[in-house]
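Heads up, the thing below is written out as structure tokens.
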Amino acid sequence: MRLNILMEIYYDTSNITNYKPKDFAELLGVSAKTLQRWDREGTLKANRTPTDRRYYTYDQYLQFKGINTEDDTRQVVISTTVL
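Here's what the structure looks like:
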């Protein structure tokens, strides 16, 4: 007999903090200078604070990595065999 369990996990990214350019660069594996260049070129636009400092969000990370942020539902399938 085989028992399949389907479990849905919901991610809420609305409360995730912003990243400083140095931290975001480390997350992507590039330098902060590369992020500045990408911002100038429009490759990866930085958000700006009222004092004109750059910052990035977790959604930008997901978008850069090609992860769909439209649907925050992830499905995990766990399969087990009952003897």
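To get the numbering used here, take the position in the sequence shown, counting from 1, and add 1. Positions of the beta carbon are idealized from the N, C-alpha and C atoms, including for glycine.
From residue i to residue j, what does the alpha carbon distance come to, in whole angstroms?
i   : j   : result
L28 : Y59 : 10 Å
T52 : G30 : 27 Å
Q37 : G43 : 10 Å
L63 : F25 : 12 Å
N19 : A33 : 15 Å
K46 : P22 : 11 Å
K66 : T50 : 24 Å
With the cut-off set at 8 Å, would you say residue i and residue j are in Cβ contact?
i   : j   : result
R55 : D40 : yes
Let me check you understand the geometry: is the CB of residue i closer than 7 Å to at least one non-hydrogen atom of the ligand MG?
i   : result
K46 : The ligand MG is not part of the structure shown, which contains no ligands of any sort.
Q) Where are the alpha helix (DSSP H) runs, 4 residues long or more, that stay fully inside the segment 9 to 62, in chain order? A) 22 to 29 and 33 to 42
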